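In UniProt numbering, the protein residues as written are 1 to 401.
We put the CB at the ideal spot given by N, CA and C, even for glycine.
In this text the structure is predicted, and so the values were computed from the model without any measurement.
Notes follow the structure.
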Ligand SMILES: NC(=O)CC[C@H](N)C(=O)O
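Here's what the structure looks like:
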């Protein structure tokens, strides 16, 4: 048969420059192309693999042992389960072992298969990560064939057909088709997830690929949340009579999604309502204010990224997942750069002077990641409280309070 190659390997990762890595296939069978990035988080692989912002990407985990705690039904960040799984593939160092954790209901490889995610294990992820650091995030294709028979022409055709993330609006692939309401609160020891009983506020969240724990974090602050599709107009959003507006994280190129999202955000800014954006929402807000965004070299994907709050001098350890960034020097007068990454000085936050409008590039919902930045949800709702003449809550409550 022409085009078929037999290999002792059951999975391949081929990069756009022809680099060919062989390993053991796990998860779904077939092939998929995407941008190959690396994530340095040591925990939370299931939350990472279900973050819709990874649409169009293949994740290399730098932590060598992924899968040891198996898979459970709770650590799912995808809200729109009707959408295809965002991430295109997972690249691991060590083979997946039998899970050892009280929450595990499945092995990770079986879970990957059920979610149609292709994985490859046995890869020298240190070398691959060093390569990405040196040359940037390449396009690549991941393939899994349990019998070791790979149809190379179709695998290479898939790689060639992948246009790269620049210019891609992927929010439309993962956003909700319908408006829905959210009232689940954050997980607490001994209690699990709660339900918001007596909402004090109403927030409309624009879903570009929202993560569950962001919606929970808003509910935790007393906000009932109405989640609307990415293409909702300003009139649609205002028809829900929100006290505040949230712009979610999401995949793809902010400039591409901005074609329809930015005019909406510009109209929303005129309403005077408090606006808070995270990650893609931050980038879209940056563009709406007159700034630009650029593709990064290796991006930021991990759970230990130091960020400096330039307004207080404090450093927060944050969770990050982005491959584009707001160009700080394009932000106009009247907009303050509030946070920067201490890894590379790139923009990590902004605020509109004198208005209740702000956003951050990183992930205060911390799923997975440290909780240092959770105060930002309080800050957002404090803007709402101020407009309603209510007492502010401390951003950093004392332990036990
Ligand atoms: N997590 C996100 O919202 C990512 C935003 C954007 N897709 C980026 O890669 O920069």
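- Ranked by Cα distance from residue 373, the first of 359, 74, 11 is 359.
- Annotated three-state conformation of residue 396 is coil, per DSSP.
- Counting only residues of its own chain and dropping the five nearest sequence neighbours on each side, residue 301 has a CB closer than 6 Å to the CB of 37, 39, 321.
- Annotation: residue 203 to residue 224 spans about 6 Å, alpha carbon to alpha carbon.
- A Cβ-Cβ contact shorter than 8 Å links residue 209 with residue 249.
- Looking only at 220, 205, 256, 262, the smallest Cα-Cα distance to residue 237 is reached by 205.
- A distance criterion of 7 Å places the beta-carbon of residue 297 beyond contact range of ligand 1, judged by its closest non-hydrogen atom.
- Inclusion of residue 383 and residue 274 in the CB contact set at 8 Å is warranted, their separation being smaller than that value.
- Secondary structure remark: continuous alpha helix (DSSP H) runs of at least 4 residues inside the stretch 225-310, in chain order: 234-238, 254-270, 280-288.
- Put simply, the backbone Cα of residue 327 is about 5 Å away from that of residue 293.
- Residue 38 carries a strand assignment under DSSP once its states are collapsed to helix, strand and coil.
- Following the DSSP letters along the chain, one finds residue 213 inside the alpha helix (DSSP H) bounded by residues 212-220.
- In the three-state DSSP reduction, residue 340 falls in the strand class (E or B).
- With 16 or more neighbouring CB atoms inside 10 Å of its own CB, residue 244 falls in the buried class.
- Nearest Cα to residue 35 within the set 315, 135, 397, 81: 135.
- The Cβ atoms of residue 25 and residue 145 lie closer than 8 Å to each other.
- Taking 8 Å as the cut-off, the beta carbon of residue 376 is found no closer than this to the beta carbon of residue 340.
- Counting only residues of its own chain and dropping the five nearest sequence neighbours on each side, residue 369 has a CB closer than 6 Å to the CB of 303, 319.
- Excluding the 5 residues flanking it on each side, residue 342 has same chain C-beta neighbours closer than 6 Å at 306, 308, in chain order.
- Around the beta carbon of residue 130, a 10 Å sphere encloses fewer than 16 other beta carbons of the protein chains shown; the residue is thus reported as exposed.
- By the Cβ neighbour-count rule, residue 137 is buried, with 16 or more other Cβ atoms within 10 Å of its own.
- Annotation for residue 189: no beta strand (DSSP E) segment contains it, and DSSP assigns it neither H nor E.
- Taking 8 Å as the cut-off, the Cβ atoms of residue 92 and residue 132 do not count as close.
- In the three-state reduction of the DSSP assignment, residue 22 falls in the strand class, which pools E and B.
- Measuring C-alpha to C-alpha distances from residue 299 to each of 156, 344, 315, 330 identifies 344 as the nearest.
- Taking the Cα positions, residue 281 is about 35 Å away from residue 12.
- Between residue 195 and residue 184 the beta-carbon gap is near 6 Å, inside 8 Å, which marks them as a contact.
- In this structure, the straight-line span from the alpha carbon of residue 235 to that of residue 355 is close to 21 Å.
- For the options 20, 84, 33, 386, the alpha carbon positioned closest to that of residue 59 is the one of 33.
- Cα atoms of residue 44 and residue 83: separation of roughly 21 Å, rounded to the nearest angstrom.
- Within the stretch 46-131, the complete alpha helix (DSSP H) segments of 4 residues or longer fall at 108-114, listed in chain order.
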